[in-house]
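Participant: Sequential numbering of the sequence shown, starting at 2, is according to my numbering. All C-beta atoms in this analysis are idealised placements derived from N, C-alpha and C, irrespective of residue type, glycine included.
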Amino acid sequence: MAVPKTTSANHSRIGFLDLAPSQGDFAAAVIDGMSRPQKSLPCAFFYDELGSALFDRICEQPEYYPTRTEQAILDRVAAPIAAMLGPGVQLVELGSGSSRKVRTLLDRLVNPLSYVGIDISRDHLRRSCDQLAADYPWLEVMALCADYLRDVPVPPPQAGIPRRRVGFFPGSTLGNFTPAEAEGFLARWRDTLRFGGVEGGGMLIGIDLRKDPAILEAAYDDAAGITAAFNLNLLGRINRELDGTFAPAHFRHMALWDGERSCVSMYLVSRRDQIVRAAGQRFAILEGEPIHTEDSHKYSIEGFQSLARRAGYRPAAVWTDPRALFSLHWLEA
Ligand code: AVJ
Numbered sequence: 002m003a004v005p006k007t008t009s010a011n012h013s014r015i016g017f018l019d020l021a022p023s024q025g026d027f028a029a030a031v032i033d034g035m036s037r038p039q040k041s042l043p044c045a046f047f048y049d050e051l052g053s054a055l056f057d058r059i060c061e062q063p064e065y066y067p068t069r070t071e072q073a074i075l076d077r078v079a080a081p082i083a084a085m086l087g088p089g090v091q092l093v094e095l096g097s098g099s100s101r102k103v104r105t106l107l108d109r110l111v112n113p114l115s116y117v118g119i120d121i122s123r124d125h126l127r128r129s130c131d132q133l134a135a136d137y138p139w140l141e142v143m144a145l146c147a148d149y150l151r152d153v154p155v156p157p158p159q160a161g162i163p164r165r166r167v168g169f170f171p172g173s174t175l176g177n178f179t180p181a182e183a184e185g186f187l188a189r190w191r192d193t194l195r196f197g198g199v200e201g202g203g204m205l206i207g208i209d210l211r212k213d214p215a216i217l218e219a220a221y222d223d224a225a226g227i228t229a230a231f232n233l234n235l236l237g238r239i240n241r242e243l244d245g246t247f248a249p250a251h252f253r254h255m256a257l258w259d260g261e262r263s264c265v266s267m268y269l270v271s272r273r274d275q276i277v278r279a280a281g282q283r284f285a286i287l288e289g290e291p292i293h294t295e296d297s298h299k300y301s302i303e304g305f306q307s308l309a310r311r312a313g314y315r316p317a318a319v320w321t322d323p324r325a326l327f328s329l330h331w332l333e334a
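This is the structure:
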């Protein structure tokens with residue numbers, strides 16, 4: 002096994018690889034979504050600079066239980082997880098955002114070989130990886146600005162071949178996929194994880210659980226209006242980046258539990274008949290017409306484990322909180 006090298010706290014030395022989606026991708030997605038009979042905008046575009054900051058504030062709202070619940074689970078089980086994973090791990094975080102949760106793992110892991118943070122929000126990613134490299138000066142840190150929903154080439158550590166490659170996908174972000182998409186996504190990542198190291202790798206993944214719809218709807222429509230601002234910021238981003246003429250005041254935020262599809266869906270609902278321009282096109286929107294922006298699927302523990310099995314993994318451990326709001330799974334690739 003390669004020994005992690007010790008470097009000085011030189012945080013400009015973190016590796017940075019930029020595979021971010023282009024502005025053209027954003028324009029094409031907006032035109033495509035807004036031209037459909039049921040209008041939609043892809044949730045991946047929530048996370049510009051302002052959107053990422055708003056998401057961090059959502060996580061602090063009393064109604065938004067997932068972040069603090071998952072953190073509490075991690076605090077409790079990071080030590081047994083570290084013992085299970087052993088030394089020499091390459092930790093690959095999908096959608097690393099502010100990289101707070103991964104610190105709980107890094108504090109416990111025995112000589113992790115390297116950390117790779119993947120996120121589409123470039124500056125947010127850079128800042129949090131710089132900070133991580135400063136706080137863990139002995140750790141090889143790599144920032145990969147990319148859409149991890151696509152095929153992402155994960156670079157091997159410079160320090161050598163890891164014992165295991167471990168994917169870390171917290172926050173129940175997998176829930177933004179339909180179950181069929183989630184299965185395909187996990188199946189694709191499985192090869193990256195199992196061939197990346199000497200021993201079998203796996204995925205440590207946070208999954209939000211089904212529960213009382215009132216709790217779910219409140220989590221996606223907090224009283225302080227932060228989730229509403231987060232949703233509406235998608236229109237602001239279109240205005241800023243694609244010459245859009247959306248008036249955010251002419252839309253309202255809506256979050257609805259769909260029991261049949263087992264997801265919370267978010268919409269921006271038009272408050273009036275209006276014509277909006279964006280990306281060089283005109284779109285007519287009727288009063289009361291919804292623009293779909295996000296689905297967050299919720300699972301039962303057993304339901305998620307069968308999905309993981311269909312994707313080729315072996316669900317080897319699961320942890321939850323006392324109220325069974327959230328779950329953390331170790332899936333062997
Ligand atoms: C970051 C995708 C996990 O779906 O709960 C929070 C995003 N949307 N509030 C989620 C989100 C509205 C969040 N994920």
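1. With H, G and I counted as helix, E and B as strand and the rest as coil, what does DSSP make of Ala-144?
2. From the DSSP output, which residues share a beta bridge with Tyr-268?
3. Suppose you measure from the CA of Arg-165 to the CA of Phe-327; what does that come to, to the nearest Å?
4. Between His-293, Cys-44 and Ile-239, which lies nearest to Gly-25 when the distance is taken from Cα to Cα?
5. Here's a check: name, in chain order, each residue in its chain whose Cβ is nearer than 6 Å to the Cβ of Val-111, leaving out the five neighbours to either side.
6. According to DSSP, what are the bridge partners of Leu-18?
7. Does the distance from the CB of Tyr-65 to the CB of Ile-121 come in under 8 Å?
8. In whole angstroms, what separates the C-alpha of Leu-42 from that of Phe-247?
9. Kindly identify the DSSP beta-bridge partner or partners of Gln-275.
10. Please say whether Leu-269 and Leu-236 have beta carbons closer to each other than 8 Å?
11. For the ligand HEM, is there a heavy atom less than 7 Å away from the beta-carbon of Asn-177?
12. With distances taken between CB atoms, is the gap from Gly-96 to Tyr-137 smaller than 8 Å?
13. Regarding Pro-67 and the ligand AVJ, is the C-beta to nearest heavy atom distance less than 7 Å?
14. For Leu-145 and Pro-113, which I take to be in contact (beta-carbon distance under 8 Å), what is that distance rounded to the nearest angstrom?
15. Give me the Cα-Cα distance between Val-265 and Thr-321, rounded to the nearest whole angstrom.
16. Out of Ala-219, Gln-72 and Val-155, point me to the one whose CA is closest to Met-267's CA.
17. Would you kindly check if the distance between the Cβ of Ala-30 and the Cβ of Phe-46 is under 8 Å?
18. For Pro-316, which residues in the same chain have their Cβ closer than 7 Å to its Cβ, ignoring the five residues on either side in sequence?
19. Does the region 176-192 come into contact with the region 214-234, if we say contact requires no fewer than three beta-carbon pairs (one atom in each stretch) closer than 8 Å?
20. Grab me the residues of Leu-257's own chain with a C-beta within less than 6 Å of its C-beta, minus the 5 sequence neighbours each way, in chain order.
21. Can you list, in chain order, the stretches of the alpha helix (DSSP H) that have 4 or more residues and sit fully within the region 207-234?
22. How far does the beta strand (DSSP E) with Trp-190 in it reach, from first residue to last?
23. Tell me whether the beta-carbon of Ala-325 lies closer than 8 Å to the beta-carbon of Leu-210.
Facilitator: Once the coordinates are examined:
1. In the sequence shown, residue 144 corresponds to position 143, counting from 1. In the displayed model, Ala-144 falls within a strand according to three-state DSSP.
2. Residue numbering aside, residue 268 sits at position 267 when the sequence shown is read from its first letter. Looking at the DSSP assignment, Tyr-268 forms a beta bridge with Met-255 and His-293.
3. Position 164 of the sequence shown holds residue 165. Position 326 of the sequence shown holds residue 327. Arg-165 and Phe-327 have their alpha carbons spaced roughly 26 Å apart.
4. What you label residue 25 is simply residue 24 of the sequence shown in a count that begins at 1. Closest option to Gly-25, judged by alpha-carbon separation, among His-293, Cys-44 and Ile-239: Ile-239.
5. Position 110 of the sequence shown, counted from the first residue, corresponds to residue 111. By the criterion of a C-beta distance shorter than 6 Å, Val-111 is surrounded in its chain by Pro-88, once the five residues flanking it on both sides are discounted.
6. Locating residue 18 in the sequence shown gives position 17, where the first residue counts as 1. Per DSSP, Leu-145.
7. Residue numbering aside, residue 65 sits at position 64 when the sequence shown is read from its first letter. Residue numbering aside, residue 121 sits at position 120 when the sequence shown is read from its first letter. Ile-121 sits away from Tyr-65, with the two beta carbons spaced by 8 Å or more.
8. One-based indexing of the sequence shown puts residue 42 at position 41. One-based indexing of the sequence shown puts residue 247 at position 246. Taking C-alpha positions only, Leu-42 is separated from Phe-247 by approximately 13 Å.
9. Taking the first residue of the sequence shown as 1, we reach residue 275 at position 274. Beta-bridge pairing links Gln-275 to Ile-286.
10. Counting from one through the sequence shown, the residue named residue 236 turns up at place 235. Counting from one through the sequence shown, the residue named residue 269 turns up at place 268. The answer is yes: Cβ separation under 8 Å.
11. The model on display carries the ligand AVJ but not the ligand HEM.
12. Working through the sequence shown from its first residue, we reach residue 96 at position 95. Working through the sequence shown from its first residue, we reach residue 137 at position 136. Gly-96 places its beta carbon 8 Å or farther from that of Tyr-137.
13. Mapped onto the sequence shown, residue 67 falls at position 66. Yes, Cβ of Pro-67 sits closer than 7 Å to a heavy atom of the ligand AVJ.
14. Position 144 of the sequence shown, counted from the first residue, corresponds to residue 145. Position 112 of the sequence shown, counted from the first residue, corresponds to residue 113. Contact flag wrong, Cβ pair sits at about 17 Å.
15. Position 264 of the sequence shown, counted from the first residue, corresponds to residue 265. Position 320 of the sequence shown, counted from the first residue, corresponds to residue 321. Computed Cα separation, rounded: 21 Å.
16. In the sequence shown, residue 267 corresponds to position 266, counting from 1. Of the candidates Ala-219, Gln-72 and Val-155, the one whose C-alpha sits nearest the C-alpha of Met-267 is Ala-219.
17. As a working mapping, residue 46 is identified with position 45 in the sequence shown. As a working mapping, residue 30 is identified with position 29 in the sequence shown. Contact check for Phe-46 against Ala-30 passes: the beta carbons are separated by less than 8 Å.
18. As a first step, residue 316 must be located in the sequence shown, where it is residue number 315. For Pro-316, where only same-chain residues beyond five positions count, the Cβ hits under 7 Å are Gln-306, Ala-309, Arg-310, His-330 and Leu-332.
19. When Cβ pairs closer than 8 Å are counted between the two stretches, the region 176-192 is seen not to touch the region 214-234, the count staying below three.
20. In the sequence shown, the residue the question calls residue 257 occupies position 256. Ser-266.
21. Within the region 207-234, the complete alpha helix (DSSP H) runs of at least 4 residues are 214-220.
22. Stepping through the sequence shown from its first residue, residue 190 is reached at position 189. Segment 180-195 is the alpha helix (DSSP H) holding Trp-190; no beta strand (DSSP E) there.
23. In the sequence shown, the residue the question calls residue 325 occupies position 324. In the sequence shown, the residue the question calls residue 210 occupies position 209. Yes, Cβ-Cβ distance for Ala-325 and Leu-210 is below 8 Å.
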